[in-house]
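S.K.: Respectively, the protein sequence lines represent chains A and B.
Reminder that position 159 of the first sequence reads as 625 in our numbering, one-by-one numbering, no gaps.
Reminder that position 4 of the second sequence reads as 6 in our numbering, one-by-one numbering, no gaps.
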Amino acid sequence: MNLGALAVAALPAFIASAVEFVEATTIILAVGVTRGWRAPLYGTVAATITLAIIIATLGVTIVTVVPEHALKAFVGALLLLFGLRWLRKAILRFAGIVALHDEERVYLKEVADLRARGETRTGFDRIGFIVAYKAVLLEGTEVAFIVIAFGAGGAAALNAAVVGAIAAGLFVIALGAALRQPLTMVPENWMKFGVGAILSAFGVFWFAEGLGAEWPGDALSILAILAIFLGASWLSVKMLQGIVPGGAEVVAKNV
Amino acid sequence: MSSGTLTGIWDTVWGLLVEDGSLAVGIVAALAVTWLAAALLADPQRDQVGWLLLAILVVLVVLNARAAGHSARRAVAKG
């Protein structure tokens, strides 16, 4: 695969992973600015190592032990559980039922929480380490799902997905380090809507392939599946705007 | 690796997959129906199970969103 083709193949994973890296960067920035940079950087490195161990052990075991069809079905099922959860949340956000994700607000809340826990002047900052560790582990796990989704098609697709995810990580970290403030310019809510639909579309495609079904046009049918998910989501948003008129913003965790 | 760390990792992965219990149960049921259909159908018809899964999931998402909307409306009414 030449460099241009690799860049095109890596683009979906780049965009999807960038959203996750933006969220992790916001938390790490908040910790670093409030409590110093040593502990969050150690937390980030520790979480990255944990993720690498999980992916290396579980991933390699699954790929080498599980037969190809069963693996596709397994990956498809995981993608559906993950992607539809994301899509549902995006629908509720665009309907005004759940507040839109706001990096500035997340950042300010995190800074306030961390300041309330008190400053650490001496010794290792355990709180800063744990907050950064958990944030990177959570968002990193989501990136792992994204890489699996786009890489399940074979070695070339997996390589492209890994390259896309790493490039997104480097890009977002560099941007965060340069700006030293939350990356509010990234249209996260729109991106999450799209990524939720894309992961769900890949989930349907892989699960059916895993059961031995063949799609018309092979991977091109993913576009049709994606269009159907996006159409259904748009209809759901319109329906919800009718049920809860005026986009009344309800901060209720049970919806 | 301590048990606390492992519990944290498990909670993280579980939270990623199951935020809304009814949606997760619905997805698992849809996968089971699709698997059953694929097991029962012969070759040319088996290719349609993907579309069956898609149809079930679309209905599931719309119904789940509708239920969330009604739940939100009740929350607004309660103030």
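Built from N, CA and C at the ideal position, the CB exists for glycine as well.
Tell me, to the nearest whole angstrom, how far the beta carbon of Val628/A is from that of Val638/A; I am working on the premise that it is less than 8 angstroms.
M.R.: 16 angstroms between Cβ atoms; not a contact.
S.K.: Give the DSSP-derived three-state secondary structure of Phe671/A in the structure shown.
M.R.: Phe671/A: helix per DSSP, three-state reduction.
S.K.: Evaluate contact between the segment 657 to 675 of chain A and the segment 504 to 522 of chain A, counting only Cβ atoms and requiring at least three cross-stretch pairs below 8 angstroms.
M.R.: No, they do not touch.
S.K.: Which residue's Cα is closest to the Cα of Lys555/A: Gly708/A, Val703/A, Val710/A and Pro711/A?
M.R.: Answer by Cα proximity: Val703/A.
S.K.: What residues in its chain sit with their C-beta under 7 angstroms from that of Lys719/A, if we drop five residues either side in the sequence?
M.R.: Reliability of the predicted coordinates at Lys719/A is poor, the pLDDT of 44 falling under 50, and no value is obtained from them.
S.K.: Our contact map puts Ala698/A next to Val64/B with C-beta atoms below 8 angstroms; I'd like the distance itself, whole angstroms only.
M.R.: Right, the Cβ-Cβ distance comes to about 6 angstroms (below 8 angstroms), so this counts as a contact.
S.K.: Between Ala693/A and Leu54/B, what straight-line distance do the alpha-carbon atoms span, to the nearest angstrom?
M.R.: So the two alpha carbons sit approximately 16 angstroms from each other.
S.K.: Evaluate Phe480/A with the Cβ neighbour count: other Cβ atoms within 10 Å of its Cβ, from every protein chain shown; 16 or more gives buried, anything less gives exposed.
M.R.: By the neighbour-count rule (16 or more Cβ atoms within 10 Å), Phe480/A is buried.
S.K.: Would Ala718/A pass as an interface residue toward chain B - the criterion being a Cβ-Cβ separation below 8 angstroms?
M.R.: Low per-residue confidence applies at Ala718/A: pLDDT is 43, beneath 50, and the placement is therefore not dependable, though the value from the model is reported in the following sentence. Closer than 8 angstroms: yes.
S.K.: Three-state secondary structure (DSSP) at Gly660/A?
M.R.: Of the three classes helix, strand and coil, the one that applies to Gly660/A here is helix, per DSSP.
S.K.: Tell me whether the beta-carbon of Pro506/A lies closer than 8 angstroms to the beta-carbon of Ala582/A.
M.R.: Not in contact: Pro506/A and Ala582/A (Cβ atoms no closer than 8 angstroms).
S.K.: For Thr510/A, I'd like the list of residues in its chain whose CB is within less than 7 angstroms of its CB, leaving aside the five on either flank, ordered along the chain.
M.R.: Closer than 7 angstroms at the Cβ level, and outside the excluded window around Thr510/A, lie Ile494, Ala598 and Val602.
S.K.: Return the CA-CA distance between Leu62/B and Leu25/B, expressed in angstroms with no decimal places.
M.R.: Distance between the alpha carbons of Leu62/B and Leu25/B: 7 angstroms.
S.K.: For a quick check, are the C-beta atoms of Ala610/A and Phe616/A less than 8 angstroms apart?
M.R.: Their beta carbons are not under 8 angstroms apart, which means Ala610/A does not touch Phe616/A by this criterion.
S.K.: Indicate the three-state DSSP secondary structure (helix, strand or coil) for Val602/A in the structure shown.
M.R.: Val602/A: helix per DSSP, three-state reduction.
S.K.: Cα separation between Leu706/A and Ala640/A?
M.R.: Distance between the alpha carbons of Leu706/A and Ala640/A: 39 angstroms.
S.K.: Excluding the five sequence neighbours on either side, which residues of its own chain have a C-beta within less than 8 angstroms of the C-beta of Val721/A, listed in chain order?
M.R.: For Val721/A, the predicted structure reports a pLDDT of 39, less than 50, and the residue's modelled location is therefore unreliable. The matter cannot be settled from this model.
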